[in-house]
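Asker: What follows is a single structure, and I will ask about it in a moment.
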Amino acid sequence: MQKSEAQIFAAELGLKIPQLDLHDKFLHEVIDEIKSFVLENYNMDKEMVRIIYGGGAGKMREEVLSILKSKEMKNIIDSTDVKEGSCVVVFKD
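So for the sequence shown, UniProt numbering puts the first residue at 1; every next one is plus one.
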């Protein structure tokens, strides 16, 4: 099992990791919030974070994943495990 797979598995088992809950937020509000949250936790040497976008039509999910795939974020993200309603982002060493 690769390191990122082990980290994601641990997160699924309930390991306490920083979370950003986007419930009750609008798409136009989340772009800077997601970037700040990810960069702040990366700079604090966290191994991973969870971003909760909820269910529904998937527009928030699409926006979150689009931000995480941006050039700025690709430099620090090792992998992203997408689940129903949330994703776990594992940072590069």
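Don't be surprised by glycine CBs; every beta carbon is placed ideally from N, CA and C.
Could you check the C-alpha separation between G58 and V90 for me, to the nearest Å?
Answerer: Position 58 of the sequence shown holds residue 58. Position 90 of the sequence shown holds residue 90. For G58 and V90, the distance between alpha carbons rounds to 22 angstroms.
Asker: Just to confirm, are L39 and V30 a CB contact at a threshold of 8 angstroms?
Answerer: Position 39 of the sequence shown, counted from the start, is the residue given in the question as residue 39. Position 30 of the sequence shown, counted from the start, is the residue given in the question as residue 30. In this structure, V30 does not lie closer than 8 angstroms to L39 by Cβ.
Asker: Report the residue from K83, I17, K25 whose alpha carbon sits nearest the alpha carbon of E47.
Answerer: As a working mapping, residue 47 is identified with position 47 in the sequence shown. If we check each option's Cα against that of E47, I17 comes out closest.
Asker: Could you give the residue range of the alpha helix (DSSP H) that holds D81?
Answerer: Reading the sequence shown from its first residue, position 81 is the one you call residue 81. Counting along the chain, D81 falls outside any alpha helix (DSSP H), though it belongs to the beta strand (DSSP E) covering 77-83.
Asker: When we look at the beta-carbon of S86 and count the other beta-carbons within 10 Å, is it buried (16 or more) or exposed?
Answerer: Taking the sequence shown and counting its residues from 1, one reaches residue 86 at position 86. By the 10 Å Cβ count, S86 comes out buried.
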